[in-house]
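Here the structure is laid out as structure tokens; the discussion comes afterwards.
2 protein chains.
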Amino acid sequence: MAKTKKTLAPIHWEFGTLRNPTPLMLELEEYSKELYGFTQVERVMRGEEAAPTAAQQRIDRARAEAAAAALASTAVGTRLPDMHGYEKVTGKATFPVDVYPASGLYTRVLRSPYPHAKVKRLDVSKAEQLPGVMAVLTPKDCPTMDPPILAEEPSHHGEAVAAVAAVDEGVAEAALRLIEVEYEQLPFVLEARDAMKPGAPLVNSRYRSNAPRDPFVYKRGDAAKGFAEADVIVEGTSQTAWEQHVAMEPHNATALWERDKLTIWTSSQYVHRQRDVIADTLKMPHSKVRLISEYTGGGFGDKTRAYPYHMIAALLAKKAGRPVRYELTRKDVFLECTHNYPKYQELRLGFKRDGAMVALQSRAWVATGDSGARSNADDFESAIRIFKCPNVDVIGYAPYTNTGISGALRTVGEPSGNFAFAILVDQAAEKLNMDPLDLYLKNIEERVDQVVNLPFSSNGVRECLLKAAEAFGWKQKWQGWRKQRDLTKPQRGVGMMAFLCNKGAMSVPMTAVCQIDRDGSVRVVQAGADLGGGQRTTFAMIAAEVLGVAVGRVTVTKPDTEVTSDTGIVAGSRATKSIGSAVKAAAEDARAQLLEGAALKLNVPQSDLDIADGVIFAKADPSKKLTIAEAVAAGVVVVDQVVLPAGAPIIGKAVVPAPRGYSQKTLGAGFFEVEVDPGTGMVKVLKIVQAHDVGKAINPLAVENQIIGGAIQGMGKALTEEMIYDPATGVVVNPNLDDYKLHMMATMPEITTIAVEPIDVLGPFGAKGLGEPVNIPASPCIANAIYDAMGVRLSEIPMTPYRILKAVRSL
Amino acid sequence: MAKTKKTLAPIHWEFGTLRNPTPLMLELEEYSKELYGFTQVERVMRGEEAAPTAAQQRIDRARAEAAAAALASTAVGTRLPDMHGYEKVTGKATFPVDVYPASGLYTRVLRSPYPHAKVKRLDVSKAEQLPGVMAVLTPKDCPTMDPPILAEEPSHHGEAVAAVAAVDEGVAEAALRLIEVEYEQLPFVLEARDAMKPGAPLVNSRYRSNAPRDPFVYKRGDAAKGFAEADVIVEGTSQTAWEQHVAMEPHNATALWERDKLTIWTSSQYVHRQRDVIADTLKMPHSKVRLISEYTGGGFGDKTRAYPYHMIAALLAKKAGRPVRYELTRKDVFLECTHNYPKYQELRLGFKRDGAMVALQSRAWVATGDSGARSNADDFESAIRIFKCPNVDVIGYAPYTNTGISGALRTVGEPSGNFAFAILVDQAAEKLNMDPLDLYLKNIEERVDQVVNLPFSSNGVRECLLKAAEAFGWKQKWQGWRKQRDLTKPQRGVGMMAFLCNKGAMSVPMTAVCQIDRDGSVRVVQAGADLGGGQRTTFAMIAAEVLGVAVGRVTVTKPDTEVTSDTGIVAGSRATKSIGSAVKAAAEDARAQLLEGAALKLNVPQSDLDIADGVIFAKADPSKKLTIAEAVAAGVVVVDQVVLPAGAPIIGKAVVPAPRGYSQKTLGAGFFEVEVDPGTGMVKVLKIVQAHDVGKAINPLAVENQIIGGAIQGMGKALTEEMIYDPATGVVVNPNLDDYKLHMMATMPEITTIAVEPIDVLGPFGAKGLGEPVNIPASPCIANAIYDAMGVRLSEIPMTPYRILKAVRSL
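Going line by line, the protein sequences match chains A and B. For the first sequence, my numbering assigns the number 1 to the initial residue and increments by one for each residue that follows. For the second sequence, my numbering assigns the number 1 to the initial residue and increments by one for each residue that follows.
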């Protein structure tokens, strides 16, 4: 194995310093200047706080207008059940995993039993001869892809080596046992810090280094000086776990070829990206590959990329000349699909005696796995964006490791970064002898993002803190920094935190088509996945609101790359805000066309018209009116300045660019009460209050569901969920739902959800995303509550009974 | 039965006279004035021929430009096989009839054995109790529709009375036999002329009269005066048959309910119209009913409407709570679906000695059936539109009859009208002792439609006549008006005709969406049905041509009302011209957006750019270039005059209004050679030459296939196809493909196809429709050829051996 030495030169993140300004940075500095009258640099030089200016007043006006629109709405703001909920809960909904094409074959995949090995010999001839086997796939059948479709040098346990398509799953399974493989085992490394040590085994010989990429670096001010000036310093390490998404619907791909065209049904968060990668890998035009994903039975960040399994299904179908379905077993999912990466973090915070944070230093290491996108080693946004802390010094490393592909799991790395930060803030509050709630209130900045020096599109974190504390009864429940506890019986404790999460921004592409049919009913043609968060219902409500029709008259299509345009991923808490904006703009385009015909027909200027309950009317004289259906019939097309009847229903469309000039983040606060049994180490969560800045709740019921679901998932992250690699063999020891523990109904606490609605300046009707940050509070709140109950500080999640007992016994 | 007397007041067809001018008529007269400098009225007053004017020169210029565009094209004009042909011929294509939903039920329908009856008692209780029967439908379960979904007063043989959904077709069939029905038979009438006689039985008690509608009336000049001035008069009657479409794929509907949403897979020519009617009948928003029709296994005008069977499947599925599929048996199709109506026509023509036609009088009766659209009693367009004949007097009647629903069958009534006309023209030529080819050449008008007084968008009928005559060898084969024939052995003969067909105009709605993906490949999202005429391939070629990409990089969607906008029917020979225009306009919209980004990137004005082979380049400096994929990436959105990156693929869309100012017709000529066996009366078609004005052949292979298919279908119409109602019982005696005779491979003649390409001013790249007129020449050509061979004139089709022998024996 060749080894190359590479200097890890720190880079300067766009807005951290002005030493290497990028054009975008300069442009945003300009924008900042327009808004505030001075740039960040000038402001730092002056040592001033930003004061409201005419520009700030403009923002406040925009926010007030959005708030007024939200208030005036009829559809938006009502509690609506998921429009497809009935089908889902009755089992009638056809999820991709329910697609069984006629004459379809079944797939099983042979996977590496070793974390790193070379395939010296692969003989599939006996498998091919087994009756019922229709095709066997080996690496030599596969085009190049990263990670490889079938590996000749598997570099994590469970990487696919060969695949079989057969008439049923039993035959396919039997065929796997007839495949002869000779492996040469190679050295492996599992942990991020180990992977970066000199002399560490190279994760895969296709890499030149385990850490070829620049680390994440962010600096502002002078951290050493900050710590020198601090009155109180807290520091510690934290460790998070390999964590699985455990979506209810297992990953699957069903491939069907029609001559030069490939259709794949798959459970997806982003059919267009997958389509593009699959088409590029197969060297086919994108238009000739079609991905369909009617419903998605949970995604959580795991169903965003084109996996080897997609290619395996497609290549087997091509080879067999018949459709092939591959429904991954739960073990397959654990081994092939992504998991959230574990993060080891060394964090140090400095505070003045009054509670003001003055310095932050962080070093973090995450295990990227043997492939995959650059992991986020930078996710502790609360600290650097809404804490006014002037001195920051952050470095994060994400080397390769001989573990499965790492990837996003609802909020990517925010829960781990916020875990590390919020348990130290709690310690700092204790040292400062302050209520931690007060420490947050002291430090949070509500107007300007401290990294990009742009105003927040909305920031309701203070309101979240205050409302959640009130609903939780924090002032009554929190007993101060107690010293005495009776550890002979179950102890109760409370913990809290507040956060900013670097998710939820509008991002391109944002596209949608909105059609109005002859009877005035509406179809939204869009590609946003329906992950269970009520996404399509939200889009229907937005279109209904814009067009003044009942929500029940609106349908929203499923993701299908053949008929929709790329509107980006449903992830990153972007769907409501980004796709919702596209849907809103498309509906507005349709509305404008509708009113164009209506204005001619009613002989009223277009701007004087409004729509309510399916009727278009002149605002000044409501007796001048016609139905939407009549307006569709009156639709016109202007050709060479001649107005001609369109004779057609209306097609509205929108391509929305990314907005500029705002920092768009998600924010919230959590308060947890737990009971810890010192005898068993079991933690029972009794009560959760979470408050989130949602901008404006388009559908308060969906908001409530998201918060509840996220809080429960957060409990799993905090207390039970951990995929375990055996350090000796590099093998996953618990790739199943018996040994990988999830919370169940029996352990559900009382959960109170609070939607704070400060109105986001950019989002549709003031809304912003919420999908991810809902799982952030659980881990730090529970850790802080365990400390309150037991007097032990845990810094490793999940906080299993073993770890709790270990900590208690070390007291 | 109540009887009401109603005066059948003639109405004046829009352009026939100016006695009752409509606004549209006046507008078009104005347009005519602009074009020609005088209106039709003035022209008639002046007794002048229209002379080319500046306006005419403008038309000629437009045509020349379209011709140049067509010539410059790369995709358009190449011979491409149907892009889905492979799937179709290998049985891999999923036609709607191939849709078998999980847990789907099967349907059988109980049909009236009488042509007219009242259901006195209907007891389905025993059927409901049969194990395996999941739902039984009776009239009381059905909302109102015309015709009724299930009839309480069936008024034609085979009208549906009750329906059953069961676990398989055998159980459903058995259940039908357990349904007890008591009928009261009512008097019936089958023939159109009988239905209009005083005292005729009323076809259905829901009607007040068998002929409640105004007859079709068209007059110009003074027919009596014309005949008085004529040197030669010919007259005769003609009779056509009840004819079935016999599409390969039987009608079918598979219905699936998801709470408030209904999906129906059905073999269709026009999913949007069917969707609208089904939704309205069920009082549902249009957007909540989804019709899907991937491929359509033949339509020929029979799959354009919402039938009772669609409603039966939907209502049974609702009642059973499971998906229901109803695949009609061939007998079901014969009895429930439409057929072409029989026409009885009395026609009289007057000619001057030099061959100029001076008078035409026609009276025609068609049997509408007991429901359905107004039948076309007016279809003999050749006569009144391109023959200069100044004196015309036409009346057509379309009363109800106790026969199945009448409807369009490829070219609606044009074949029967042209049959009546062309066999008389042949007789006139004989009386005038002229070559019939010369008689056509003498009379045809090539520039101005004689009815609407508008220029033809293209008219290549003269070229069709001359080229087809040349290819056929008419001058050699036609022996003049022979008197001697040897009727003891098979005789050969030739016949010809030329026609104008009142089909092929662009009509609204015309809509399409055209998307360009990131790699520069293209998806056309449109709703035009794929009937087998290569429609989707044609659309792909048009988009490829506009966007400068290979046809193989373009996909075209199937009809699916959830994701497409109504783009009108695939019928009336309108698809290529109407939907093709929408596709072209949508592609042009996408192209403009593409070039907008490219122009910014290349710093070249948009108008200076062109595209070829997927590369955008500056026409003046081809080294300035970028790929379409790069241009997509450079796409922009302009918001408040600020140019922002779109970050999205491109969405082009088009809503095209109906063009004005031209008469858009389809034209052509046919030459047939036959051999008649006087012993058996069998006619063998030996040779067919058909030439058609196609404007411009987008895909010459598809054009050729259409002509061949139409010629063969025309042979069936001429010689074998006839659905027979027993006059005594009103029952269809041959509702099956044993007794209803189609031509087979063994009887195929040599067929030569000629595409005449005069370039249509309006059509995409100069193209026009061709789907229908291809079946017009067969009947009159064969009748004329039989006369040439045998000396007997047949005026009733199909010209079966029985009718031929009868005619020969009457010599």
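A virtual CB, placed ideally from N, CA and C, is assigned to each residue, including glycine.
Where the beta strand (DSSP E) containing residue i begins and where it ends
i        : result
B/Pro851 : Summary: the structure shown does not reach residue 851 of chain B, with chain B confined to residues 1 through 811, and so no result is reported for it.
A/Tyr183 : 180-185
B/Asn252 : 252-258
A/Arg363 : 357-366
B/Met510 : 510-516
B/Gln706 : It is not in any beta strand (DSSP E) - B/Gln706 instead sits in the alpha helix (DSSP H) that spans 700-719.
Sequence-distant residues of its chain with Cβ nearer than 6 Å to residue i (five each side left out)
i        : result
A/Val655 : Thr511
B/Gln450 : Arg385
B/Pro490 : Glu675, Asp677
A/Ala51  : Its pLDDT being 44, under 50, A/Ala51 is placed unreliably in this model, and the value from its coordinates should be taken loosely. So no residue of the chain qualifies.
B/Phe193 : The sequence shown places Arg at residue 193 of chain B, rather than the Phe named in the question. Same-chain partners within the cutoff: Trp365.
B/Ser362 : Leu347, Val394
Top-ranked residue by Cα proximity to residue i, from the options
i        : options                                : result
A/Ala550 : A/Gly580, A/Leu805, A/Ile611, A/Ala598 : A/Ile611
B/Glu153 : B/Ser205, B/Met145, B/Arg177, B/Glu173 : B/Ser205
A/Val124 : A/Lys118, A/Leu178, A/Ala75, A/Thr254  : A/Leu178
A/Leu821 : A/Gly652, A/Phe765, A/Leu315, A/Thr144 : Within the shown structure, residues of chain A are numbered from 1 to 811, placing residue 821 of chain A beyond reach of any answer.
B/Arg226 : B/Asp276, B/Leu349, B/Glu235, B/Glu243 : The sequence shown places Gly at residue 226 of chain B, rather than the Arg named in the question. Of the listed residues, the one whose Cα sits closest to B/Gly226 is B/Leu349.
A/Ala127 : A/Lys577, A/Glu173, A/Gln185, A/Met311 : A/Glu173
A/Asn736 : A/His157, A/Thr94, A/Asp302, A/Val333  : A/Val333
A/Val119 : A/Leu105, A/Thr138, A/Tyr106, A/Met134 : A/Thr138
CB contact check: residue i to chain A, cutoff 8 Å
i        : result
B/Ile405 : no
B/Ala658 : yes
B/Thr576 : no
B/Glu49  : Low local confidence applies: a pLDDT of 41 at B/Glu49 is under 50, so the model's placement there is unreliable, and no value is given.
B/Met510 : yes
B/Glu562 : yes
B/Gly647 : yes
B/Asp519 : yes
B/Leu805 : no
Residues near residue i by beta carbon distance below 7 Å, same chain, minus five either side
i        : result
B/Met799 : Val683, Ala718, Leu719, Ile782, Ala783, Ile786
B/Glu327 : Val97, Pro250, Asn252
A/Lys318 : Trp257
Proximity test, Cβ basis, 8 Å: residue i and chain B
i        : result
A/Gln515 : yes
A/Pro764 : no
A/Leu644 : yes
Endpoints, alpha helix (DSSP H) assigned at residue i
i        : result
A/Glu596 : 580-602
A/His272 : 271-281
Point to revise | Chain-ordered residues of the region 281-294 of chain B with a beta carbon less than 7 Å from chain A | key: Pro285, His286, Ser287, Lys288
Point to revise | Short-range partners of chain A found in the region 68-93 of chain B, where Cβ spacing is below 7 Å | key: Tyr86, Glu87, Lys92
Exercise for review: Below 7 Å between beta carbons is the criterion; list the residues of the region 768-782 of chain B that meet it against any residue of chain A, in chain order.
Suggested key: none
Practice item. May I ask you to list, following chain order, the residues of the region 466-492 of chain B that have a beta carbon less than 7 Å from some beta carbon of chain A? Key: none
Practice item. Please name the residues in the region 238-266 of chain B whose beta-carbon is closer than 8 Å to at least one beta-carbon of chain A, in chain order. Key: Glu258, Arg259, Asp260, Lys261
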